[in-house]
Structures are given as C-alpha cells and as structure tokens.
Amino acid sequence: MSQTSSPDTAVPADGYDAYAIQQKWQARWAEEDPFRAGGADDTRPRKYVLGMFPYPSGDLHMGHAENYAYVDIVARFWRHRGYNVLNPIGWDSFGLPAENAAIQRGADPREWTYANIEKHKKSFREYGSSYDWSRILHTSDPEYYRWNQWLFQRLLERGLAYRKASPVNWCPNDQTVLANEQVVDGHCERCGAEVTKKNLTQWYFKITAYADRLLDDLNQLEGFWPQKVIRMQRNWIGRSVGADIDFEIEGRDEKVTVFSTRPDTLHGATFFVVAPDSDLAAELVSGADAEVRMRFQAYLEQVRKESDIERQSTDRPKTGVFLGRYAINPVNGDRLPIWAADYVLADYGHGAVMAVPAHDQRDLDFARAFDLPVKVVVDTTAPITGAIPVIELDEQGVPIDPGADEASLVDLDPAKTGVALTGEGRMINSGPLDGLSKRNAIARMIEQLEAAGTGRAAKSFRLRDWLISRQRFWGTPIPVVHTEDGRIVPVPDDQLPLELPNAVGLDLKPKGTSPLGGATEWMQTIDPETGEPALRDPDTMDTFVDSSWYFLRFLNPGDKTEAFSTREADRWAPVDSYIGGVEHAILHLLYARFITKVLFDMGLIEFTEPFSSLINQGMVLLGGSKMSKSKGNLVEFEASMKDPGADAARVAITFAGPVEDDINWEDVSTTGAQKFLARAWRVASDVTSDPDVIWAEGDIALRRVTHRLLADASGLIEQNKFNVVVARLMELVNATRKVIDTGAGPADPAVREAAEVTAMVLDLFAPHTAEEMWEVLGYDGFVGLVPWRQADSMLLVEETVTAVVQIDGKVRATLDVPARIDSAELERLAREDARIVRSLGDREIVRAIVRAPKVVSFSTR
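Each residue of the sequence shown is one higher than the last, beginning at 1 in full-length UniProt numbering.
In structure tokens form, the structure reads like this:
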C-alpha cells in the first residue's frame, strides 16, 4: 500500500511556494558547492559527521528521510559552530537485492544498481542534504573493492583470514550461506525463507582473536553510544571464564576437551553431551550399532532445520539421542553416557559439554526428560561465611537430614522440583573441595586439573568467527587462486583489482554454487608463483566487508595508490557523529570495530574505535510496520519532495518525537509543518528595519524569548533533542508574530533579530526556507555558513517571575512579582491579593510557607 505523502497534506495558500523555493536553493547549492569540507590549509577545528550509507534498492522512502534529516541537522549545526565539517555520502551497492532484481529482469545487476544510485542522488539533493559531493563512493566500483581485496590479503598474511569446512546456515531460496546474525527466528532476514544447515568449505575472518579487545574497549564508548547498543554488543561477544577439561572417551585414543565456567561442579557431572552436527558426534556414532546410527541420522536431519537461536532457546523441550558411548570423568573416574543434543552447538567451546544437571537448568531439563541421574555438589542453603555445615547426601545426591520432613527434602531436590540450584553456597560431595565457596572451589579445581595434566584455565566466547563467503555473483571476488596441488595462493597486490566478469550471458540464478563458477574463462587462470594452471575462488565476499571500513575511504575516495591516507585519517578520524538504525547494532558495528583494531595493529591508524559517538533513530512505521519496499508499505521519497516538500517533511519528521522513538507516519503532521514554515517565512518578509538596526532598542520581551532559544538550542542539539528545538522555534515565531501585529510592528529591531535567529536555527531543519528568509532579510551568502550567535546573558536574567499562591494545598492565585523579591514582601502581596482574601473568607491563616520568588503556601483553620 504505497503512499506518496502523509494524509493531512495541504499547501498553505499564503504566497509561500515551498517547491519553488526548494528548486531555487538547490540550484544555488549545486552551482557553488558550499558544503565541501575544507582542505589541509583550513585551520578550523574538524568534525566528521556520517550517516550509515544507503543500499540502492529502488528510491528512498520516508524511513530513510528520518535518518538523513538527523545527519543533516548535526552536520549543519557544527558548521554554524565554526567547525570544518566532513559529511560525505556513498552507496553500499553490492548485495543480493541487485542480483535478484537482475535475475527477474534478465539484466546486468550493474544497470539496476547504478540507475537506483542516480535516483538516490537526485532525492538527496532535493532533500537539501548538505553533503560534500566531491567524495562519493560506490562499493561496487572496482576502484573501491580493489581495497576490499587488499584488506583480505593483509588479514590472510596475519593469519586472520582462513578457509575451513563446517556446518553453515543455508538459505535455500537465495542459495547462499548466511552469518548467524542474518538468521532471524530460523529464517533468512532478507527473503524470509526457512534456513537449513549445510556443510561447506568457506572463508572466515578470525574476529574471535579480537574478542577480548572488542569487549573491553566498549568501556571507551560508555556515555557516547546508546546503552542498549553497548549491552547488545557485550551479550553477542559473550565472554565466559572457566576451564578447559580433558575427558577420555572409551575406545578412543584422543581425549575430548570441554569448556566449563563451573569446573568446581565437575564431581556433579552425570552425563556428557556433544553437538549432533559436529565431527565428533559423527565419529562416535560411526562404530555404534545400526539402530543407534539410524536414530542419530534422523535426529541430525531434524537439527539441521533449526537455527542456532532456536537451539539455544530455554523454553523448548529437550531432545537428544544416546550414542552408545561413554566418557570418563577425570576427577573421579565415573562413566558418563554420551548423548547428542541440539542445545549444544558445534562451534561453541569445543562442541561438547559436561552435564551437571543439579546446577545447570538446561542440563537438568535434559536429565529429567531422559531420566538421567542428578547429583547435588553445591549446598546453596549453606552460608558462605562463618561455620561450614557438613551435609550428607544419599546415592542420588539428595541431602540427608534426619530431622527434616519429606516436604523439605523435596524442596532441595532438583530432580523433583525441576529447578537447578544455581546460587552461591558450599561445596559438598566433591572430595577435597568440600566446604569451599564457589570462587575458591573453582580456583582449587583448576589447580588440580593443571597438576594432573587434565585441564587448564581458559576463556570462551559466544562470538563466532566472521563467515564472509557468499555463493553469489554481485560482490567482491575473493582474491586467491587454487592450484592443482591444493595450494591457495593470493593474487599479488599489483594484479588487483580482480574484477568481476561481465554478467551478460552468465546464469545468475541461485543453484547452490556461485554463478562465478560458470564463468569458465574468468575462472581459469595461472598460479602467480609457478605459472601453472589454476582456478580462481568462485565465491564473493559478504557485503559487510565493504561497510567495515568505508568511513576511511571517504577521506580520499579517488586515491589509486592506497586504501586511505594515514595523514587524512589523523586529521579526520574517527567519526565524531555516526547516525543510523539500531538494526545495525551487532552486525555492521561489530565488524567495523574489528577491522579498525586490525588496521590499528598494522600501524595505519591511531585510534581503536571507529565511531566516537553513535545516534540511533527509531523507525518510521506505516500501517503498524516498518516501511519497506518489499512489503509495499512506504511513503515514496521522490513524490514527497514535491508535496508536502522537503522542508515540511523534514520538520514534520523531526518534530514527531524524540530521535530514538518509533514514529507512526499516520500521526506525522506535514500540514502543521507547512503552516509553521509559512509563518516563519512571512515573519522575515514582514521585517522593515535595516540589517544594521540596533537590536537593543527593540521589544525586550521578544528579545528574551530569542536569547533563551539561543542559550538552550546548542545543548539541546548536542543531546539530540531535535524535536524540542523545533518546538522552541515555533514559540519564537509565534512571539515574533505577536509583536509584528502590535506595538512597533515590522520595524521593531527585536523583530529583525528574532527573524534572523529563526532563519539561522531553522537552517538545521528546513534549509531551503531558511535560505530564502536570509535573503529576504537582506543578506548575501548562505545562512548555512553563518556563525552561531551567542546569547546575551543579561537577557537571560528574569526581571519578573510568576509566583503561585496556595491555600491548604490548592492554587488560588498567581502573582507577577520581581525576580529578586524577598520573602516578607512576597507574603504581604499574597495576603493582600483580592483573590486570596475572597478565598480565605472567615478562615484564619495558621501557617505560611514562603519560597521566594516562586511559592506562597497558606494553611488555615
């Protein structure tokens, strides 16, 4: 249900021609390019403002308009504040939508992509976005993705890029692999198809090598990034501290290592669990009888249809298959039956866990489902300070208390209650650990494991290495060749970029392998080391590689000698204000942080975090859902630029609510925005005083309103309270209108001052109208480049205030009194006020509380 404007659109019939004004100033900006960032000789302080760059899937819609309005507000504000502002624009132009559109149309994805980019450029210009148009980049240009390939080679040299076979998320519709983050509720986030598992040999970036730094460096961003995003990043990285423990497997020479955060509970392990889709599970079941193998195979097929998130859910029934094999507990020699269960993931830890059901809820749920033993080894009723109680347990691990009744025993038994004992307490039934607290028991157990050579202190992370291979055409070719003898040889730097072949005549339809594999002539090459025949890699890179470092390429996008200039990075980076949707809180931001740290380690940059400050805007909803081209529920950007016009759309969106809140487009009032802009424009048009008039001679009350806005606006903008600033602008316009219509009228110097301040501040939100007002007021040049005016502190001092007078807690009168009035005088005025005398009647005032100059409160009887 595509729409073109908000439902209340109506152009004010007052001579304010928004579209004509829009066209006029866009032509001027295009001709004079006033927003280009200053060069090396520009001595102003610098600000790098960046919006998350768009994907060119058709035209923009009003969901995009919100984001790019905020970007422009911030960029324009810092220019007014005297900064040399870098605000570039580019396009994240590789990816599936272009390829799928090309398949549907039988065209080259380049045609669709670059046609949409041109449409975007036109829309951004019509929107009044103050970009530095000299720094445009497209990630699908060979001049850009050459440096993706260069970056890949550097990671390969440092051991941070590698290739391995493993189970991956597979989208049967798009016929490509997906990173875990691209699977939502078991479905492909792009097309919605149900995701399955598939064993493939893929390329990875070793982001886990930076897991500690990615987690710890979030401390640098506290107070500068939304707390929600920092929390999401921390949870995704998910650092756990514990021990690696080596278990023997009966009939197997090599030990199996498991990671546990609770090595202190090792005496309570009663079974062993492996991931069903792991190589270990396949190996262990291979020697089992036919019935076990058949059950396992059926279970494996079931598990391959589940996403990792589904498998980790705590509220789903536990399933599994006994493999007919046993592990040996290294501390007590117990034989632990080995099960395959989907709640263990192949790539978490080592793909196997020791199960301690008494003290882990998932293990307990599994044990209860399959009638496995539960052994308590932590007495959570025991104090962790003071005397240490001795508690005996029976063979099932249940505490024996001769004086306890049956009900109290049941309350302590996880096997019966179904609730694991996860609290603090003292170790029991654990040999030499008995009586120790949790912390001391963990340290003691690690010492024992290390002494016996059966374990060691370790860390584990929820974070997985970054899977970058994609079985699609429209992406960066992976710059390696595969030789006949199995070697992988990088393409030399001087042979980059390795360009994509022509798509004409190439079958791009998804078929499980990359379409590049069908480009026979392109695939066949030679080994750069030996000159022998070799094959190129048929996969392309994940588009998140493109966006992981693009902010650096903006510093010198046309440079053919290096990915980015270290000198320019020292001048501009990191990004001061990064603005975009919270949907990128994990994927894009995490990858950009990783690549930044790699580049820091290479000595190419001097900072370790790419984005100093982050602004996340809410979504624009239509019909209760996020605007989306695929869903057809969108308000088209291009049409909205004509009616209601760019400025009205920008003001309406900004005024609709706080930056971080979702906005219902049905509730956005473009009519109200149009009327406000028309009133502001008329204020400027009505001014009759000269630019050199003495403002101090003007209406003092209006000047106070003007200067209160100047005093407050800067702080409000820096706090991202853009909607509040718009509200304050509306107040100023209304106050100015009142003075124009009464008293000295249009010639009042305070009216000119208010109109000029309105134009300057309005430039952040409605730049076309602001420029027109500035010209009408008699000025040359652009208001967007005018220095921010400072508030007169003398005008911020209130001469009079409104005092509230209460009787028995109810407001009975208000008084306009001098701001410096003392308590005695304020009480006298309150007692003598006719409204108070009338309200008191025959009652006697028994108590008066006076808080000059704001409150007088009388109590009566």
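All residues carry an ideal CB built from backbone N, CA and C; glycine is no exception.
With H, G and I counted as helix, E and B as strand and the rest as coil, what does DSSP make of residue i?
i           : result
Ala441      : helix
Lys164      : strand
Ile807      : strand
His359      : coil
Phe722      : helix
Asp253      : strand
Ala37       : coil
Lys459      : strand
Arg861      : coil
Ala420      : coil
residue 886 : No answer is possible for residue 886: it lies beyond the span of the chain, which begins at 1 and ends at 861.
Tyr127      : helix
Ser625      : strand
Gln297      : helix
Arg231      : helix
Tyr55       : coil
Gln312      : helix
Asp394      : Because Asp394 carries a pLDDT of 48, less than 50, the predicted location of this residue cannot be relied on, and the following value inherits that uncertainty. Note: Asp394 maps to coil in three-state DSSP.
Pro644      : helix
Pro818      : strand
Tyr348      : coil
Thr608      : coil
Phe224      : coil
Could you tell me whether any non-hydrogen atom of the ligand PLP is closer than 6 Å to the CB of residue i?
i      : result
Gly715 : This structure simply doesn't include the ligand PLP, nor any ligand for that matter.
In terms of residues, what are the limits of the beta strand (DSSP E) holding residue i?
i      : result
Met354 : Ala352 to Ala355
Tyr192 : According to the sequence shown, residue 192 is Gly rather than Tyr. Segment: none, Gly192 is in no beta strand (DSSP E) and carries neither H nor E.
Pro50  : Correcting the residue type first, residue 50 is Leu in the shown sequence and not Pro. That run of the beta strand (DSSP E) goes Arg46 to Gly51.
Leu614 : Leu614 to Gln617
Thr176 : Thr176 to Leu178
Arg487 : Element bounds for Arg487: n/a, residue is neither H nor E.
Phe322 : Gly320 to Ile328
Gly63  : No beta strand (DSSP E) contains Gly63, which is instead part of the alpha helix (DSSP H) from Met62 to His80.
Taking a contact to mean a Cβ-Cβ separation below 7 Å, would you say residue i touches residue j in this structure?
i           : j      : result
His707      : Leu840 : no
Pro109      : Glu499 : no
Leu622      : Trp681 : no
Asp277      : Pro172 : no
Asp59       : Lys119 : yes
Ala803      : Lys721 : no
Arg679      : Val733 : yes
residue 901 : Phe611 : Limits of the chain in this structure are 1 at one end and 861 at the other, which puts residue 901 out of reach.
Thr381      : Leu421 : no
Val651      : Phe765 : yes
Arg79       : Val85  : yes
Met232      : Ile586 : yes
So, for residue i: in the same chain, excluding its five sequence neighbours on each side, which residues have a beta-carbon less than 8 Å away from its beta-carbon?
i      : result
Asp748 : Ser689, Gly698, Asp699, Leu702, Val739 and Ile740
Val846 : Ser859, Thr860 and Arg861
Ala404 : Note that Ala404 has pLDDT 39, beneath the 50 cutoff, so the model's placement of it is unreliable and the number below is only indicative. For Ala404, where only same-chain residues beyond five positions count, there are no Cβ hits under 8 Å.
Determine the extent of the alpha helix (DSSP H) in which residue i is found, giving its start and end residues.
i      : result
Gly435 : Per DSSP, Gly435 belongs to no alpha helix (DSSP H) and is neither H nor E.
Gln149 : Pro142 to Glu157
Arg682 : Thr670 to Asp686
Gly333 : Here Gly333 belongs to no alpha helix (DSSP H), and DSSP marks it neither H nor E.
Thr566 : Thr566 to Trp572
Tyr550 : Tyr550 to Arg553
Which residues in the same chain have their Cβ closer than 6 Å to the Cβ of residue i, if we skip the five residues on either side of it in sequence?
i      : result
Glu529 : Val489
Gln3   : Only weak support is given to the placement of Gln3: the predicted model assigns it a pLDDT of 45, under 50, and the value that follows is read from those uncertain coordinates. Counting only Cβ-Cβ distances below 6 Å, and skipping sequence neighbours, we find Val635.
Thr543 : Phe94 and Gly95
Asp42  : Asn84
Ala673 : Ala648, Val651 and Ala652
In chain order, what residues of the same chain have a beta carbon less than 7 Å from the beta carbon of residue i, not counting five sequence neighbours either side?
i      : result
Val850 : Ser823, Leu826, Glu827 and Val856
Ala322 : A small fix is needed here, since residue 322 is Phe in this sequence, not Ala. Hits under 7 Å: Pro337 and Trp339.
Arg311 : Asp342, Tyr343 and Leu345
Thr483 : Val489, Asp527, Glu532 and Ala534
Asp570 : Glu606
Hey, is the segment 209–229 in contact with the segment 472–488, meaning 3+ C-beta pairs nearer than 8 Å?
No: fewer than three Cβ pairs fall under 8 Å.
Any contact between the segment 783–791 and the segment 807–820? By contact I mean 3 or more CB pairs, one from each, below 8 Å.
No, because fewer than three Cβ pairs between the segment 783–791 and the segment 807–820 fall closer than 8 Å, the two stretches do not touch.
Are the segment 329–343 and the segment 271–283 in contact at 8 Å, needing three or more beta carbon pairs?
Output reads yes: the segment 271–283 touches the segment 329–343.
Would you be able to state if there are at least three C-beta pairs under 8 Å between the segment 147–159 and the segment 97–117?
Contact fails: fewer than three Cβ-Cβ distances are below 8 Å.
Cβ contact check for the segment 504–515 and the segment 543–554: 3 or more pairs under 8 Å
The segment 504–515 is not in contact with the segment 543–554.
Taking contact to mean at least 3 C-beta pairs separated by less than 8 Å, is the segment 38–53 in contact with the segment 561–580?
Enough Cβ pairs lie closer than 8 Å, so yes.
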